[in-house]
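Below is one structure, written out as C-alpha cells, with a few remarks after it.
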Amino acid sequence: MANEGAANVNPNAEIVRGQVFEVGPRYTNLSYMGEGAYGMVARNYLQSLPYKPKVPWTCLFPNADPRALDLLDKMLTFNPNKRIVVEDALAHPYLEQYYDPADEPVAEEPFRFDMELDDLPKEVLKQYIFDETAQFAENHRDNPM
C-alpha cells in the first residue's frame, strides 16, 4: 500500500482484488467517523451522496473463494454496529487454517493509544518518531521493502 490514500484502504479487499481498494476520497478517513467536528463533516458528506445499490461481491471478484467474499462482506458492512467482531472474524471459515483459539490473546480492555501520548511534549514525540524511523531504516537497510 504505497499510495497516499493508505488510510482509506482495507487490506483484506486488496488481497482478494489484487490492487488498492479505495473506500472514499483520499481526504476521508472513515475511522474518524462520528468524532467531533470531523464526524459531522464526514456524516454530512456521506449523507450528500446519492443512493447506490450494493454491487454483489461476486461481480467484483468473480474468481474469489465464496468464504472470502462472505468474510469481506461482514467486515465491510457500512454500519459499524452490524460489522463482524474481531473474534468472530478470526474464527470465520475462510481463516480456519490459521485460527487457533488457544493462541488468540484477548485484551481485557480495548487498547487506547491516545492515553499514552497525551501528556508528552511535542519535541519528545518528534524524537520518538525520529528514533523509530532510524531504527526501522537500520533494520531494513539490507532488505528494502
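In this note's numbering, the protein residues as written are 393 to 537. All C-beta atoms, glycine included, are put in the ideal place defined by N, C-alpha and C.
Closest residue to residue i among the options (Cα-Cα distance)
i	options	result
Lys446	Thr469, Pro458, Leu517	Thr469
Asp495	Met432, Glu515, Glu479, Pro513	Glu479
Lys466	Leu482, Leu512, Asp511	Leu482
Cys451	Pro442, Lys444, Leu461, Tyr443	Leu461
Asp538	Leu487, Pro513, Asp523, Ala529	Summary: the structure shown does not reach residue 538, with the chain confined to residues 393 through 537, and so no result is reported for it.
Range covered by the alpha helix (DSSP H) that runs through residue i
i	result
Tyr520	514-531
Local Cβ density within 10 Å of residue i, reported as buried at 16 or more and exposed below that
i	result
Ala499	exposed
Leu463	buried
Ala434	buried
Ala394	Confidence at Ala394 is low in this model, with a pLDDT of 41, below 50, so the placement of that residue should be treated as unreliable; the coordinate-derived value is given next. Counting Cβ neighbours within 10 Å, Ala394 comes out exposed, since fewer than 16 surround it.
Glu396	Residue placement at Glu396 is poorly supported in this model, since its pLDDT is 42, which falls under 50; the coordinates still yield a value, given next. So Glu396 counts as exposed.
Ala526	exposed
Integer-rounded CB distance, given that residue j should sit under 8 Å from residue i
i	j	result
Ala485	Arg459	Looking at the sequence shown, residue 485 is not Ala but Pro. About 5 Å; that satisfies the 8 Å criterion.
- Which runs of the alpha helix (DSSP H) spanning at least 4 residues fall entirely within the stretch 421-496, listed in chain order? Taken in chain order, the whole alpha helix (DSSP H) runs of length 4 or more contained in the stretch 421-496 are 428-440, 449-452, 458-467, 478-482.
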